[in-house]
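Below is one structure, written out as structure tokens; the observations come after it.
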Amino acid sequence: MRAASTHRLQELAQHIAGEVRGDAEYLITGIAPLDTAEAGDITFFQASSLRSCLQSSQAGAVILSPESADDFSGNCIVVKNPYAAFAKIMQYLFPVARHEPGIHHSAQLDRNVQIHPEVRMDAFVKVDSGAQIAAGVWLEAGVFVGADVQIGAGTHVYPGAKIYSGCRIGERCVLHAGAVIGADGFGFAEENGKYLKIPQIGGVLIGNDVEIGANTCIDRGVLTDTVLADGVKIDNLVQIGHNVQIGAHTVIAGQTGIAGSTRIGSHCRIGGQVGVTGHVDLADNCVIAGQSAITHSLRSPGVYSGVVPAHEITRWRRIVARFDGLDTLFRRVKTLEKKSAHHASFDGEPFHGE
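When we follow the numbering used here, the leftmost residue of the sequence shown carries the number -16, and every step to the right adds one.
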């Protein structure tokens, strides 16, 4: 991908606090993957499995770690975290286009709304009464903002996203197309074989620098808010149930479902298609492998994985009870094996019986 302008390698290195090795005056004109980069392109190397690609790469310069730079002879920028540095270079070479403020003539604004003069609203945006929208917010076509919603400065809401009444969105957030914030949580009480709806009168509170993927749904709370702390990143097609709390800088991959009243710590990483049952707690720094099923609280940081097909409930409970005892059983068997080996020998020679 060609950049809008050329940049000296030294300039890029200064931007990411890196060390140049090679020609500091080399001109970078674009950015590309390691295996397809050409002269003038900058790329990055981090995975050791791609070392052969590094040696054969035609890139003009490579961002890499000190360990990888020792046996690389081309132009490079040496940093501790090449992937993060590459992200910063991409932001530098391809800055987000600034939008011109203004309100499209087809936008509909109800009474008592507070709209900063530097807000941009595209065609067919609808803003209900009492909403407050701060400076630099961009609402693209077809966005709905409910009554008394608050949207912080610099937030970007892509086409067709819906923010129900009473929700609060922080600063510099990104809500992608089709995201739904604040729909009713799935709350019903059973009576005589029928289900009574439990009013969902809480809201959704989203912190600063949060990104929410396309068609992701975050339900409002029952009595209190569903909460996403600062820096949370959520992929497409994720379901967040009512009263869920997600700690700062946790990332969640696509098609994951998190049931109501679950509390997830900070700096967790949750893979795709993970299912988390309701009313459980996940400690800070938990890593959940894709397609795992989390059915109980995880009290300690670590890497977790596992899912077992469904069984009839009585049999399932019996299996789980036995599964939990396998480690104890294994240690007992190893102890018995050692005792058996000891008794089966005589003066160091095998004992064959009478």
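We treat Cβ as the ideally placed atom computed from N, Cα and C, and that holds for glycine. Small disclaimer: the values here were computed from a predicted structure and weren't measured.
Beta-carbon spacing of residue i, residue j below 8 Å
i              : j              : result
threonine 199  : valine 221     : yes
glutamine 256  : glutamine 228  : no
isoleucine 134 : glycine 165    : no
isoleucine 189 : isoleucine 152 : yes
cysteine 150   : valine 163     : no
leucine -8     : valine 3       : yes
glycine 248    : aspartate 267  : yes
glutamate 168  : aspartate 208  : Reading the sequence as shown, one finds glycine at residue 168 and not glutamate. No, Cβ-Cβ distance for glycine 168 and aspartate 208 is not below 8 Å.
isoleucine 181 : glycine 170    : yes
methionine -16 : isoleucine 14  : yes
Separation of residue j from residue i, as counted between CA atoms
i                 : j                 : result
tryptophan 121    : glycine 137       : 7 Å
isoleucine 11     : threonine -11     : 6 Å
glycine 261       : alanine 68        : 38 Å
proline 284       : isoleucine 223    : 22 Å
threonine 278     : lysine 109        : 40 Å
phenylalanine 127 : alanine 144       : 7 Å
histidine 325     : lysine 317        : 12 Å
isoleucine 116    : histidine 99      : 6 Å
histidine 159     : lysine 71         : 21 Å
phenylalanine 107 : histidine 88      : 8 Å
threonine 245     : leucine 319       : 43 Å
glutamate 21      : glutamate 83      : 35 Å
glycine 258       : alanine 118       : 38 Å
valine 210        : asparagine 226    : 7 Å
valine 157        : threonine 239     : 19 Å
aspartate 6       : arginine 34       : 22 Å
glutamine -3      : lysine 63         : 14 Å
alanine 272       : serine 48         : 27 Å
aspartate 54      : serine 40         : 14 Å
serine 323        : arginine 315      : 12 Å
isoleucine 302    : histidine 294     : 9 Å
glutamate -6      : glycine 23        : 14 Å
arginine 300      : phenylalanine 306 : 10 Å
Contact test: residue i Cβ vs the ligand MN heavy atom, cutoff 7 Å
i              : result
isoleucine 229 : Among the ligands in the structure shown, none appear at all, so the ligand MN cannot be discussed.
Per-residue burial, residue i [other beta carbons within 10 Å of its own, 16 or more giving buried]
i                 : result
leucine 179       : exposed
glutamine 91      : exposed
glycine 176       : exposed
glutamate 337     : Confidence in glutamate 337 is poor, its pLDDT being 42 and thus under 50, which makes the residue's placement unreliable; the coordinate value appears in the next sentence. Looking at its Cβ environment, which holds fewer than 16 other Cβ atoms inside 10 Å, glutamate 337 is exposed.
isoleucine 66     : According to the sequence shown, residue 66 is tyrosine rather than isoleucine. Its Cβ having fewer than 16 others within 10 Å, tyrosine 66 is exposed.
methionine 104    : buried
glycine 1         : buried
glycine 230       : buried
glycine 357       : Residue 357 lies beyond the residue range present for the chain, which begins at -16 and ends at 337; the question has no answer from this structure.
phenylalanine 334 : Because phenylalanine 334 carries a pLDDT of 48, less than 50, the predicted location of this residue cannot be relied on, and the following value inherits that uncertainty. Phenylalanine 334 is exposed by the Cβ-count criterion.
threonine 311     : exposed
asparagine 95     : exposed
alanine 172       : exposed
isoleucine 296    : exposed
alanine 304       : exposed
glutamate 50      : exposed
leucine 309       : exposed
glutamine 74      : exposed
glycine 289       : exposed
alanine 80        : exposed
phenylalanine 344 : Past the edges of the chain, shown from -16 to 337, lies residue 344, and the structure says nothing about it.
alanine 30        : exposed
Identity of the residue in the options nearest residue i by Cα
i                : options                          : result
aspartate 218    : Thr233, Val290, Leu206           : Thr233
valine 102       : Gly85, Ser89, Ala114, Gln133     : Gly85
glutamate 194    : Glu154, Gly204, Tyr9             : Glu154
asparagine 58    : Gly248, Val110, Ala(-14), Gly43  : Gly43
tyrosine 9       : Ala(-13), Val45, Cys36, Pro16    : Val45
aspartate 93     : Gly113, Ile(-1), Tyr75           : Gly113
histidine 139    : Ile181, Asp192, His87            : Asp192
aspartate 264    : Leu281, Ala276, Ala272           : Leu281
tyrosine 287     : Phe306, Cys251, Ala293, Asp307   : Cys251
alanine 197      : Gly237, Leu206, Leu211, Met(-16) : Gly237
phenylalanine 77 : Lys321, Ala(-13), Ala212, Ile235 : Ala(-13)
glycine 161      : Gln29, Thr19, Pro142             : Pro142
glycine 243      : Cys36, Val270, Asp213, Leu206    : Leu206
valine 270       : Arg298, Ala212, Ile235           : Ile235
Limits of the beta strand (DSSP E) - the one that residue i falls within
i             : result
glutamate 173 : 171 to 174
serine 178    : It is tyrosine, not serine, that sits at residue 178 in the sequence shown. From DSSP, the beta strand (DSSP E) with tyrosine 178 extends over 177 to 180.
histidine -2  : Premise fails: histidine -2 lies in the alpha helix (DSSP H), -8 to -2, not in any beta strand (DSSP E).
cysteine 200  : 200 to 202
cysteine 269  : 269 to 271
leucine 354   : Outside the displayed span of the chain (-16 to 337) sits residue 354, for which this structure offers no information.
leucine 10    : 10 to 14
Residue range of the alpha helix (DSSP H) that includes residue i
i             : result
threonine 297 : 296 to 307
glutamate 2   : Here glutamate 2 belongs to no alpha helix (DSSP H); instead the beta strand (DSSP E) covers 2 to 4.
alanine 68    : 65 to 76
alanine 52    : 49 to 52
Closer than 8 Å to chain B by CB, residue i
i            : result
tyrosine 287 : Protein chain content of the structure displayed is limited to a single chain, and chain B is not contained in it.
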